[in-house]
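Numbering (my numbering), first residue to last: 1174 to 2065. Inspection log for the structure reproduced underneath, given as structure tokens.
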Amino acid sequence: MIIKTKKETYVNKHICYLPIAIYEQFELQPTTMYNIVFGQTMERAYIHPTHADTFIISDSLFPFFQLDDYELHIWKKENSICVGPVVGVFLNTAYIADFSTDYVEPFVYNHAVASEQARCLSYFFSIFDIDWDAKMIHGYVYVNGQFERRWVPFPHVMYDRGASFQSEQKSLVQHIRTTMRNNANIKFINELDYLGKWELYERLRDVPTVRHHLPETMKYKSFEDVLTMINQHNYVFVKSFYGSRAREVMSIMKRENVFEVMFIKNDNLMVEQMNVEQLKQHVESFTKHKPFLIQQGILLMTFQQRPFDIRILMLKNKEGRWEVIYDLINLAEEHSSITTVRDNRQYDFKAIYSSLCETYPVPSIAHLHTFAKHVCEAIEKKFGHFAEIGLDVGIDKSGHIWLIEANSKPEKYPGPGLPLYVKQPSRSFMATIDYATYITMPHTQQWSATLKQRNGHHITIPKHMHAQLTNPERAHVQIGAFSFTGQCKTNDFTDIIELPAHVFEQFDGLLDIETNVKIKENTIYLGPVVAMFISNGQIRKLKRQLPKFRQVEYTHANKKAKTILYFFSVHDVNFIHQKIYGTFFNEQDATWKQRSFPLPDILYDRGGGVLQKQMVQSDYIRQQLQTINGIKKINPQHYFDKWETHKKLQKIVDMQPYLPKAMRYKGIETVQHMFDLSDTLYLKDCHGSNGRGVVRVVKQDEQHFIYSYVKERQLYETNIVGWKELHEAIVAFFQHKKIIVQQAIDVITWNDRNIDLRATVQRTPTGQLDITSYPVRVGGHRSPITSSQTGSEIYRFEYFFKTYFHYTDEQIETWKQTIDQFLLTCYRSIERVYGTFGEIGIDFAIDKQGKLWFIECNAKPGFDCMYKSYDRETIERTFFNPLAYAKHLAGF
1174 MIIKTKKETY VNKHICYLPI AIYEQFELQP TTMYNIVFGQ TMERAYIHPT
1224 HADTFIISDS LFPFFQLDDY ELHIWKKENS ICVGPVVGVF LNTAYIADFS
1274 TDYVEPFVYN HAVASEQARC LSYFFSIFDI DWDAKMIHGY VYVNGQFERR
1324 WVPFPHVMYD RGASFQSEQK SLVQHIRTTM RNNANIKFIN ELDYLGKWEL
1374 YERLRDVPTV RHHLPETMKY KSFEDVLTMI NQHNYVFVKS FYGSRAREVM
1424 SIMKRENVFE VMFIKNDNLM VEQMNVEQLK QHVESFTKHK PFLIQQGILL
1474 MTFQQRPFDI RILMLKNKEG RWEVIYDLIN LAEEHSSITT VRDNRQYDFK
1524 AIYSSLCETY PVPSIAHLHT FAKHVCEAIE KKFGHFAEIG LDVGIDKSGH
1574 IWLIEANSKP EKYPGPGLPL YVKQPSRSFM ATIDYATYIT MPHTQQWSAT
1624 LKQRNGHHIT IPKHMHAQLT NPERAHVQIG AFSFTGQCKT NDFTDIIELP
1674 AHVFEQFDGL LDIETNVKIK ENTIYLGPVV AMFISNGQIR KLKRQLPKFR
1724 QVEYTHANKK AKTILYFFSV HDVNFIHQKI YGTFFNEQDA TWKQRSFPLP
1774 DILYDRGGGV LQKQMVQSDY IRQQLQTING IKKINPQHYF DKWETHKKLQ
1824 KIVDMQPYLP KAMRYKGIET VQHMFDLSDT LYLKDCHGSN GRGVVRVVKQ
1874 DEQHFIYSYV KERQLYETNI VGWKELHEAI VAFFQHKKII VQQAIDVITW
1924 NDRNIDLRAT VQRTPTGQLD ITSYPVRVGG HRSPITSSQT GSEIYRFEYF
1974 FKTYFHYTDE QIETWKQTID QFLLTCYRSI ERVYGTFGEI GIDFAIDKQG
2024 KLWFIECNAK PGFDCMYKSY DRETIERTFF NPLAYAKHLA GF
């Protein structure tokens, strides 16, 4: 719904007025006080109905904000009345300086016009425009055809377009980005502010749909690397990790005994012939002081005898799905190999497609667009959420598609054939506003219904759902990976969908299931289907009606989430018939049953098939499910290798202060070296969990050690003499397993018992981060570990520190704020190296100096500690979040 806002001086401070039609639709009460929410600012007021067509607000509410002249969306969320969405566009200070002149950048103008048409409040700001104490921004707003500077609230959505800041401004820029990201209520168009060329290659090269489209790439370390790549490919590019617009790009082509080198200097194309010594001097000078990479050169198709690549603008739309906005040709100058546009030689790829087909085997435009969507989906899996990506794509003369670069802040134009300033906003700007609205406002047109069987071949659905179909004679039904088409008629129910018998003959587990319904473009989506991969032992217990608390809680949470949820093991998958024999809780007779279900929309991998004899089979199942188009995962992987995780996190500056020293065990020399840092070490199986595969070694002197571990809840402790005996003990305990040696942390203790904490961090129904709990674990006396599986005592954080450490409420709140920031840093750092997770368990500790330490992370947290120590509301939220996030991933 759209509403005009107006402030009036005569209105009582505690009363607002809404048009009567909206008032009644929201089912408001005059005696109830509501939250009035504008961006991230909230006031409290009663709401009364009015026959006026505006939302009338007292001039005393939001005293610093001018609310006249806005026409915005209004929605109700629980006890809050919200207006917006409010989008803050973060820019370089040079763009802000333009507002004091007559010049307005095309991007700024086109975004503003699109916002106005979409009834969204966008404002533009930079690093000096934020009042952190008042939580306000002095931004530029487009009203009545001109830009005005106004105080505005912190936004619902931050659209980070800031780039090329001066070096002295960068620390402040980073502070602003970090602070805004740490505000869980502020959403971002893109989760990262840049995509480095090397990181992009390194993370995408193991993605099946993308890896064959990546030119071979290596880090530049010395000139010998350049010669190696030239000898392999004859034609290479040397590029800065983070350069743009052909700055810091050089092409090298080997021609007999000379090298043809092209680069841009002072905005001019330079072409030089060099011998190997000249090339070496030039490359070493060119790459000085910055990280560079070397990339295989591609002999691109040509148009008008000039090579070209394609800049594909990819944006998410109002349904949160990737959309190809345009594909423009970047045409190189004559005799140039560098295609970045510098003189407006741009063409629409569709316009030249037919002429290209006369010369080359050109892939279809549909194929090109499908590839572009696969790339964007892969980037999201590896880097986090994005809604705007520019792809530089090349097509070689044989018709093979190559991904050259991806840009998180692509240059945006209205589109092919359109002027730079348009009165009617184009898709390149409207799509971003639509997406901002999508992630801010509650979604609509979704229902739930129970699936029933009917005789005959057609489908029946309630009338209000049927009205959403565009062609009921050929309606499409999608349930997980299964789909069919049939005639759809209305029925007289409000919450029952009747499907033909053949559906239940194939998938008998669907009968009488209550699930979510979404209708889009003549397709009835039912689900999402969520398949939880667990061990065969747990499946056997379910069949014997002996569930663990986890399965009970997931089933309870699913009453609210209404997904099609089933559990399965390595023995339950039938890829030939495209089904899984899932185990689920049947509400009708309150028993666990096994029935056949479609392959899922969402794989929730809880570590099925971890036994050595099952690993080949479980890996095959994971690989096969990954190749099925459309199946998404709660987490990108189901385990962490402790050593690999340590190495990756050590490269992230924000994580370095929190990581204890560690080395991979390669022999007793590793332990000797680590003892130079600490007299107490931990040796851990890199793939171990639940405290298994952990040994503590305490050095008493050069030849005497105390060696301890826990097995089946029993502490084993022995004295060892000599390095040889220590090595033999390590080999006997770990066998051939991969081991990490970690410096011990001098953790806080209680009654001489070690204390650490196990946090659960999850994504919410909207994909935001939720720190659900971090219970305290108190280990046994002299025990080297605190795992809940080894008999440690578990306490709720607040209770423990108030009761045993006598912290005040203020001290506890201060600690919680510090820990929350630490956990968000850990989570986002893990996602930087592995991709987006739906949940992570994070073990951490506090040392005796009050310093926080990261111990390890878990991709399938067991929730045992939380379950033993936290309240019912936290337990329900913890088990509901993954199912609700599954709905978010699947578009429900």
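Where a beta carbon is used, it is the ideal one built from N, C-alpha and C, also for glycine.
Quiz prompt | Of the residues ASN1628, GLN1619, HIS1224, GLN1239, the one placed nearest ARG1323, counting alpha carbons only | solution = GLN1239
Q) How is ALA1579 classed by DSSP in three states: helix, strand or coil? A) strand
Own chain residues within Cβ distance below 7 Å of VAL1514, not counting five before or after: In this predicted model, VAL1514 has a pLDDT of only 46, less than 50, meaning its place in the structure is not dependable; the value taken from the coordinates is given anyway. Closer than 7 Å at Cβ, skipping near neighbours: ASN1503.
Excluding the 5 residues flanking TRP1923 on each side, which residues of the same chain have their C-beta closer than 7 Å to its C-beta?
Same-chain partners within the cutoff: VAL1951, TYR1977.
Where PHE1666 and ILE1652 are concerned, what is the direct C-alpha to C-alpha distance, given to the nearest angstrom? 21 Å
**Asked** Span of the beta strand (DSSP E) holding GLY1700?
**Response** 1696-1700
Using only the alpha-carbon positions, how far apart do LEU1699 and GLN1626 sit? In a straight line, the C-alpha of LEU1699 is about 15 Å away from that of GLN1626.
key: Runs of beta strand (DSSP E) wholly within the region 1560-1613 (minimum 3 residues, chain order)   = 1561-1568, 1574-1580
(Q) Here's the rule I'm using: 16 or more other beta-carbon atoms within 10 Å means buried, otherwise exposed. How should PHE1602 be labelled? (A) buried
Are the CB atoms of THR1613 and VAL1650 nearer to each other than 9 Å? It is not a contact, given that the beta carbons lie outside the stated cut-off.
Note down the Cα distance separating THR1532 from MET1474, rounded to an integer number of angstroms.
-> 9 Å
Checklist line | alpha helix (DSSP H) runs contained entirely in the region 1704-1734, provided each spans 4 or more residues | finding: 1709-1716, 1722-1734
- prompt: Exposed or buried, which one is CYS1530 when buried takes at least 16 other CB atoms within 10 Å?
  reply: Per the 10 Å Cβ criterion, exposed.
* Asked: Looking only at its own chain, which residues have a Cβ that is under 8 Å from the Cβ of TYR1219, when we skip the five neighbours before and after it?
  -> HIS1187, ILE1188, CYS1189, PRO1203, THR1204, THR1205, MET1206, TYR1207
- Whole-angstrom distance between SER1571 and ASP1792, CA atom to CA atom: 35 Å
How big is the Cα-Cα spacing for ASP1241 and HIS2061? 35 Å
Exercise. So the beta strand (DSSP E) PRO1480 belongs to, where does it begin and stop?
Worked result: 1479-1489
Under the three-state DSSP convention, the category LYS1186 falls into = coil
Q.
In the DSSP output, what is LEU1294 paired with across the bridge?
A. Under DSSP, LEU1294 forms a beta bridge with VAL1259.
- Within 10 angstroms of its Cβ, does ASP1516 collect 16 or more other Cβ (buried), or is it exposed? With a pLDDT of 45 at ASP1516, under the threshold of 50, the predicted position of this residue should be treated as unreliable, and no value is reported.
Notebook entry, point to check: Taking the alpha helix (DSSP H) that LYS1752 falls in, what are its first and last residues?
Noted result: Run containing LYS1752: none in the alpha helix (DSSP H); it sits in the beta strand (DSSP E), 1752-1759.
Which listed residue (VAL1422, GLY1493, LEU1442, TRP1495) has its alpha carbon closest to that of GLN1468
VAL1422
Do you know offhand how far VAL1535's Cα is from ILE1511's?
21 Å
| message | So within the region 2019-2062, which uninterrupted beta strand (DSSP E) runs reach at least 3 residues, ignoring any that extend past its ends? | response | 2025-2031
Does DSSP put ARG1515 in a helix, in a strand, or in coil? In this prediction, ARG1515 scores a pLDDT of 46, lower than 50, which makes its location untrustworthy; the coordinate-derived value is nonetheless stated afterwards. Looking at ARG1515 - three-state DSSP - the assignment turns out to be coil, as it is neither helix nor strand.
So PHE1740 and ILE1707 are in contact, right, with Cβ under 8 Å, and what is the actual spacing, rounded? 5 Å
Margin query: What would DSSP say about VAL1449, mapped onto helix, strand or coil?
Written below: helix
| request: Starting from the N-terminal side, write out each stretch of the beta strand (DSSP E) that is 3 residues or longer and does not extend beyond the region 1380-1405. | output: The qualifying runs are 1390-1392.
Subject >> the region 1838-1852 / the region 2033-2053 touching (three or more Cβ pairs under 8 Å) >> reply: no
* Beta-ladder partner(s) of VAL1914, from DSSP -> MET1836, LEU1856
- Item | Short Cβ contact (9 Å threshold) for TYR1727 with PHE2065 | no
With C-beta atoms as the reference, is ASP1745 less than 9 Å away from ILE1712?
Against a cut-off of 9 Å, the Cβ pair of ILE1712 and ASP1745 comes out as a contact.
C-alpha gap between PHE1297 and PHE1280, whole angstroms:
11 Å
Exercise for review: Would you list the residues sitting across from ALA1932 in a DSSP beta bridge?
Suggested key: ILE2015
- In its own chain, which residues sit with a C-beta less than 7 Å from the C-beta of ASP1366, not counting the 5 before and 5 after it? ASP1333, ARG1350, SER1581
* Asked: Between LYS1975 and TYR1968, what straight-line distance do the alpha-carbon atoms span, to the nearest angstrom?
  -> 11 Å
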